[in-house]
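See below for the structure under consideration.
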Amino acid sequence: MKLLALETAAEACSVALSIDGEIHLRYEVRPRGHSELVLAMMDELLSEAGLVPPQLDAIAFGRGPGSFTGVRIATGVVQGVAFAADLPVVPVSTLAALAQRACRENGFKRLLPAFDARMGEVYWAAYHLGAAGLVELEGREAAAKAEDVNLPDGDGWYGVGTGWAAYGGLLAERMGAGLEEQMPDLYCSAEDVALLGVAGFEAGNSVAPELALPIYLRDRVANKKAG
Numbered sequence: 001m002k003l004l005a006l007e008t009a010a011e012a013c014s015v016a017l018s019i020d021g022e023i024h025l026r027y028e029v030r031p032r033g034h035s036e037l038v039l040a041m042m043d044e045l046l047s048e049a050g051l052v053p054p055q056l057d058a059i060a061f062g063r064g065p066g067s068f069t070g071v072r073i074a075t076g077v078v079q080g081v082a083f084a085a086d087l088p089v090v091p092v093s094t095l096a097a098l099a100q101r102a103c104r105e106n107g108f109k110r111l112l113p114a115f116d117a118r119m120g121e122v123y124w125a126a127y128h129l130g131a132a133g134l135v136e137l138e139g140r141e142a143a144a145k146a147e148d149v150n151l152p153d154g155d156g157w158y159g160v161g162t163g164w165a166a167y168g169g170l171l172a173e174r175m176g177a178g179l180e181e182q183m184p185d186l187y188c189s190a191e192d193v194a195l196l197g198v199a200g201f202e203a204g205n206s207v208a209p210e211l212a213l214p215i216y217l218r219d220r221v222a223n224k225k226a227g
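Quick note, the sequence shown lines up with residues 1 to 227 if you use the UniProt record's numbering.
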C-alpha cells in the first residue's frame with residue numbers, strides 16, 4: 001500500500017509518504033509559501049522512494065476546516081496529481097488529523113481539537129480514541145463562537161490547536177473540571193493525514209478527483225451545552 005498525504009490547512013505545511021505502514025515525513029511550520037513548499041516536499045519524498053505518482057495506490061489530503069487559502073492549496077494540488085495519475089483521493093478532516101496527532105504523540109484518548117477560525121469563531125469537534133487506534137468523531141464538526149460551541153460531557157478531555165491559543169481561557173472556564181490540559185501550539189501533520197487516509201482508503205472512503213472538495217464549516221453552527 002502506497003499513499004501520499006498532504007496537509008496545508010494551517011500554519012504547518014507537510015507531506016507524508018506511507019509505504020506498507022512505514023511513513024516518511026516532511027514537515028515545516030511556515031505561515032506562508034505553502035504552495036511552493038508542498039510541491040517541493042512531495043517531489044523529494046517520491047524521488048527518495050523511487051516512485052512516480054502513477055505508482056501510488058491513492059493520495060490523501062487535509063480537506064479542512066482551516067485557512068481558506070491553505071485548504072484550497074491542498075485541494076488544488078491533490079486534484080491535479082490525482083487527475084494526471086488516475087488516482088483515487090481520500091479526504092481527511094483536519095480536526096481529526098489534529099486529534100490523531102495528539103493521541104499518537106501524547107497518548108491522549110479524549111480530544112477537543114479547535115482551530116482559530118477568525119471573526120471570533122473556532123472550528124471545533126470532539127474526538128475519542130477508538131479500538132483501532134484511530135480517532136472517532138463524537139457528534140459533528142462545526143464552526144461557532146467560543147461561547148457557543150457544543151461542549152461534551154465527562155472528564156479527561158484535552159484541548160489542542162490554535163483555537164485554544166485564541167480562546168483557551170473562555171473554553172477552559174466553560175469546560176471546568178472536565179478539561180485536563182491545553183496544547184494550543186499543536187498543528188496538524190501529514191503523518192496523521194496518512195494514517196487516517198490509509199484507513200479511509202481500506203474502508204472504501206476514497207473519491208474521484210473531481211469530488212475531492214474542501215470543507216469550510218462556515219455554514220454550520222454549534223449549539224450551547226444543555227444545562
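By construction, the Cβ of each residue, glycine as well, lies at the ideal position given by its N, Cα and C atoms.
With hydrogens ignored, establish whether the beta-carbon of residue i is closer than 7 Å to any heavy atom of the ligand GDP.
i: residue 16; result: Of ligands this structure carries none, so the ligand GDP is not represented either.
Whose CA, out of the options, lies closest to the CA of residue i?
i: residue 53; options: 2, 204 and 9; result: 2
i: residue 121; options: 5, 37, 216 and 42; result: 216
i: residue 149; options: 168, 97 and 214; result: 168
i: residue 111; options: 17, 175 and 40; result: 175
i: residue 105; options: 210, 201 and 186; result: 186
i: residue 71; options: 47, 103 and 35; result: 35
Throw me the rounded Cβ distance for the residue i and residue j pair, which I believe falls under 8 Å.
i: residue 115; j: residue 123; result: 4 Å
i: residue 130; j: residue 138; result: Not confirmed; about 11 Å, so no contact.
i: residue 60; j: residue 194; result: 6 Å
i: residue 92; j: residue 171; result: Between residue 171 and residue 92 the Cβ distance is about 24 Å, and since that is not below 8 Å, they are no contact.
i: residue 133; j: residue 97; result: Contact flag wrong, Cβ pair sits at about 14 Å.
i: residue 49; j: residue 95; result: About 29 Å separates the two Cβ atoms, so there is no contact after all.
With H, G and I counted as helix, E and B as strand and the rest as coil, what does DSSP make of residue i?
i: residue 59; result: strand
i: residue 184; result: coil
i: residue 129; result: strand
i: residue 64; result: coil
i: residue 178; result: helix
i: residue 151; result: coil
i: residue 203; result: coil
i: residue 86; result: coil
i: residue 5; result: strand
i: residue 220; result: Note that residue 220 has pLDDT 44, beneath the 50 cutoff, so the model's placement of it is unreliable and the number below is only indicative. Coil at residue 220, not helix or strand.
i: residue 91; result: strand
How should residue i be labelled, buried or exposed, when 16 other C-beta atoms within 10 angstroms of its C-beta is the threshold for buried?
i: residue 29; result: exposed
i: residue 69; result: exposed
i: residue 118; result: exposed
i: residue 140; result: exposed
i: residue 227; result: Because the pLDDT at residue 227 is just 34, under 50, the model does not fix this residue reliably, and the value given afterwards should be weighed accordingly. Exposed, since its Cβ has fewer than 16 Cβ neighbours within 10 Å.
i: residue 20; result: exposed
i: residue 192; result: buried
i: residue 159; result: buried
i: residue 11; result: buried
i: residue 113; result: buried
i: residue 203; result: exposed
i: residue 66; result: buried
i: residue 33; result: exposed
i: residue 166; result: buried
i: residue 80; result: exposed
One question on the structure: do residue i and residue j come within less than 8 Å of each other, judged by their Cβ atoms?
i: residue 87; j: residue 56; result: yes
i: residue 89; j: residue 77; result: no
i: residue 188; j: residue 101; result: yes
i: residue 51; j: residue 15; result: no
i: residue 74; j: residue 162; result: no
i: residue 64; j: residue 214; result: yes
i: residue 156; j: residue 109; result: yes
i: residue 82; j: residue 212; result: yes
i: residue 302; j: residue 39; result: The requested residue 302 does not occur in the structure, where the chain is confined to residues 1 to 227.
i: residue 218; j: residue 143; result: yes
i: residue 85; j: residue 206; result: no
i: residue 4; j: residue 42; result: yes
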